[in-house]
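What follows is a single structure, written as structure tokens, with notes after it.
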Amino acid sequence: TTEPLSNHIAKAMSDYALGLATPEGYSGYGDEQGNSALRAKIAETFYKNMAGADEIFISDGAKCDIARIQTLFGSKTKIAVQDPAYPVYVDGSVVIGAAGKNGGKGYKGVTYLPCTPENNFFPDLSKVKKNTLIYFCSPNNPTGATASREELKTLVDFANKNGCIIIYDAAYFAFIRDEKLPKTIFEIPGARTCAIEVNSFSKPAGFTGVRCGWTVVPNELKFADGSLVNKDWNRIMTTLFNGASNIAQAGALAALDEQGIKDMTAQVDYYLENGRLIKATLDGENFKKHGVEVYFTGNGPYVWAKFPGKSSWDVFDKILKECNVVTTPGSGFGPAGESFIRFSSFGHRADIEEACARLSALQL
Numbered sequence: 077t078t079e080p081l082s083n084h085i086a087k088a089m090s091d092y093a094l095g096l097a098t099p100e101g102y103s104g105y106g107d108e109q110g111n112s113a114l115r116a117k118i119a120e121t122f123y124k125n126m127a128g129a130d131e132i133f134i135s136d137g138a139k140c141d142i143a144r145i146q147t148l149f150g151s152k153t154k155i156a157v158q159d160p161a162y163p164v165y166v167d168g169s170v171v172i173g174a175a176g177k178n179g180g181k182g183y184k185g186v187t188y189l190p191c192t193p194e195n196n197f198f199p200d201l202s203k204v205k206k207n208t209l210i211y212f213c214s215p216n217n218p219t220g221a222t223a224s225r226e227e228l229k230t231l232v233d234f235a236n237k238n239g240c241i242i243i244y245d246a247a248y249f250a251f252i253r254d255e256k257l258p259k260t261i262f263e264i265p266g267a268r269t270c271a272i273e274v275n276s277f278s279k280p281a282g283f284t285g286v287r288c289g290w291t292v293v294p295n296e297l298k299f300a301d302g303s304l305v306n307k308d309w310n311r312i313m314t315t316l317f318n319g320a321s322n323i324a325q326a327g328a329l330a331a332l333d334e335q336g337i338k339d340m341t342a343q344v345d346y347y348l349e350n351g352r353l354i355k356a357t358l359d360g361e362n363f364k365k366h367g368v369e370v371y372f373t374g375n376g377p378y379v380w381a382k383f384p385g386k387s388s389w390d391v392f393d394k395i396l397k398e399c400n401v402v403t404t405p406g407s408g409f410g411p412a413g414e415s416f417i418r419f420s421s422f423g424h425r426a427d428i429e430e431a432c433a434r435l436s437a438l439q440l
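Per the working numbering, residue 77 is the first one in the sequence shown, and the count goes up by one each step.
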């Protein structure tokens, strides 16, 4: 789990909540698109001149927006996903009726794009058909791989050429420490005509239970018939959603002031150090002699490890039973995740250190 909220953010929400008990502090319903001050602050802080406040929609989190995006495009839309990937992309497609039948190793209506060590975790886009909705997450959950500027340019150019729209999940952008790597897809020329970006306060600010995120829908983005996606997204948000909690948005505003940014940066650095401890453990002789391959970029919260010749669930079960350490089987993220295990850096330092000690003694 993420660490507790910073005192600065918690106080901002507490003060706002107490204010609701007063005539001058009571706010009632907020704007469905989100607090205008928060939208402007997100545009200023993260996008500079790459996205405007009128293109930013505040929500109750990235996961919920991903589900609502399915409503925007409907059941007839072709879907492509990185493999492995956050399960919500496929599961949301199943719910809306866009995924087709389950063929045993995935859904027939979904194009799976393997992202493996062999292709540097960047997919072969030649498998993607025209007019497809492409889900892309960077830094990636579960692999931790972070797309380079050149790779994202390839993705954007392909989407524009083939009438595709990219749903870009940037929920882990705050973990990127390599200054050469883009933190938003809108750093890439041409992205405003082919991409929607989904983002969240959950991981950098500890909003996993508070629930607050945002989606950027550029004014230039159009459907095949030339109508504006932004206009329809605004309609969906005002019809199917009643706005993020005003208390949560007060916390989000605090997260974006000078002290809030400082707190978030320290929090993310803490998780990255946890990740380095996990990687060092898995790089140890106990795992190396069994051919375990370890991937950790230092730009994301997850350590991705391959256990050659073993099933993900068998390794998960062994670690759970012998170490009492909970991991995530890679096969749960898609067919290409088989034989992999995801280790998370979200946890208290003492717990991470204890888990590493137990893993070091594991007999594979």
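Glycine included, each C-beta is placed from N, C-alpha and C at the ideal position.
Just so we're clear, the structure is a prediction, and the values are computed from it rather than from any experiment.
Neighbourhood of residue i by C-beta distance below 8 Å, restricted to the same chain and skipping five residues each side
i: L257; result: T222, A223, S224, R225 and N375
i: G239; result: K206, N207 and A300
i: F234; result: L201, V204 and C240
i: N236; result: G266, T269 and C270
i: V232; result: I242, I261, I264, P265, G266, A267, C270 and A271
Neighbourhood of residue i by C-beta, 7 Å cutoff - its chain only, sequence neighbours within 5 removed
i: E131; result: V292, V293, P294, N295 and N306
i: N362; result: S436 and L438
i: P163; result: G408 and F409
i: F416; result: W380, A381, K382, S388 and G406
i: I312; result: R144, T147 and L148
i: E20; result: Given that the chain is displayed from residue 77 to residue 440, the structure contains no residue 20 and the question cannot be resolved.
i: A116; result: A129
i: T121; result: L332
i: V170; result: Y183
Proximity to residue i [Cα-Cα], best of the options
i: Y211; options: I118, A381, A161 and R418; result: A161
i: R168; options: L189, D159, D141 and F383; result: According to the sequence displayed, residue 168 carries Gly and not Arg. Out of L189, D159, D141 and F383, D141 has the C-alpha closest to the C-alpha of G168.
i: K455; options: I134, T341 and T192; result: A query on residue 455 cannot be resolved here, the shown segment of the chain reaching from 77 to 440 and no further.
i: Q158; options: G413, L440, G423 and E429; result: G413
i: K181; options: D91, P411, K124 and V370; result: P411
i: K229; options: I252, G220, A267 and E255; result: A267
i: P215; options: L316, T121 and F249; result: F249
i: I134; options: K154, F197 and T314; result: T314
i: K298; options: I242, E369, F317 and A138; result: I242
i: E349; options: L440, F251 and V391; result: F251
i: G285; options: I155, I118, A119 and A138; result: A138
For residue j and residue i, the rounded distance between their alpha carbons
i: K364; j: P377; result: 22 Å
i: F409; j: D308; result: 30 Å
i: V186; j: C213; result: 16 Å
i: S112; j: C270; result: 25 Å
i: F419; j: K355; result: 9 Å
i: C432; j: S421; result: 11 Å
i: D107; j: G289; result: 15 Å
i: A246; j: S103; result: 30 Å
i: T403; j: F383; result: 13 Å
i: R434; j: G406; result: 21 Å
i: L189; j: D393; result: 27 Å
i: E430; j: I272; result: 40 Å
i: G128; j: Q109; result: 13 Å
i: A143; j: D136; result: 12 Å
i: L358; j: E79; result: 23 Å
i: A324; j: V344; result: 20 Å
i: G176; j: V166; result: 10 Å
i: I424; j: R352; result: Checking the sequence shown, residue 424 turns out to be His, not Ile. Using only the alpha carbons, I get a separation of about 14 Å.
i: F372; j: V401; result: 19 Å
i: D254; j: E227; result: 15 Å
i: P99; j: N125; result: 38 Å
i: P265; j: G367; result: 41 Å
i: S90; j: N322; result: 11 Å
i: T192; j: I395; result: 23 Å
i: F198; j: P218; result: 13 Å
i: N275; j: L81; result: 18 Å
i: I85; j: A97; result: 20 Å
i: G179; j: T153; result: 19 Å
i: L440; j: D427; result: 22 Å
i: G336; j: E194; result: 39 Å
Proximal residues to residue i (C-beta, below 6 Å), its chain only, five neighbours per side dropped
i: A88; result: A326, G327 and A330
i: S151; result: I172, G173 and A174
i: F283; result: F277
i: Y92; result: I323 and A326
Bounding residues of the beta strand (DSSP E) (the contiguous stretch that carries residue i)
i: P280; result: Taken as a continuous stretch (DSSP letters only), P280 belongs to no beta strand (DSSP E), being part of the alpha helix (DSSP H) at S278 to A281.
i: C213; result: T208 to C213
i: Y371; result: E369 to Y371
N- and C-terminal bounds of the alpha helix (DSSP H) containing residue i
i: E296; result: E296 -> no alpha helix (DSSP H), and no H or E assigned at all.
i: S388; result: S388 to C399
i: I312; result: V305 to L316
i: S420; result: Run containing S420: none in the alpha helix (DSSP H); it sits in the beta strand (DSSP E), F416 to S420.
i: K355; result: E334 to L358
i: G189; result: One detail in the question is off: residue 189 reads as Leu in this sequence, not Gly. Unbroken run through L189 is the beta strand (DSSP E), V186 to P190; no alpha helix (DSSP H).
i: K382; result: Taken as a continuous stretch (DSSP letters only), K382 belongs to no alpha helix (DSSP H), being part of the beta strand (DSSP E) at Y378 to K382.
i: C270; result: Per DSSP, C270 belongs to no alpha helix (DSSP H) and is neither H nor E.
Proximity test, residue i beta-carbon vs the ligand FAD heavy atom, cut-off 7 Å
i: A88; result: The model on display carries no ligand, and the ligand FAD is accordingly not part of it.
Where are the alpha helix (DSSP H) runs, 4 residues long or more, that stay fully inside the stretch 220 to 253, in chain order? With a minimum length of 4 residues, the continuous alpha helix (DSSP H) runs that stay inside the stretch 220 to 253 are 225 to 238.
Continuous beta strand (DSSP E) assignments of at least 3 residues falling wholly in the stretch 125 to 190: Contiguous beta strand (DSSP E) elements confined to the stretch 125 to 190 occur at 132 to 135, 154 to 159 and 186 to 190, taking only those with 3 or more residues.
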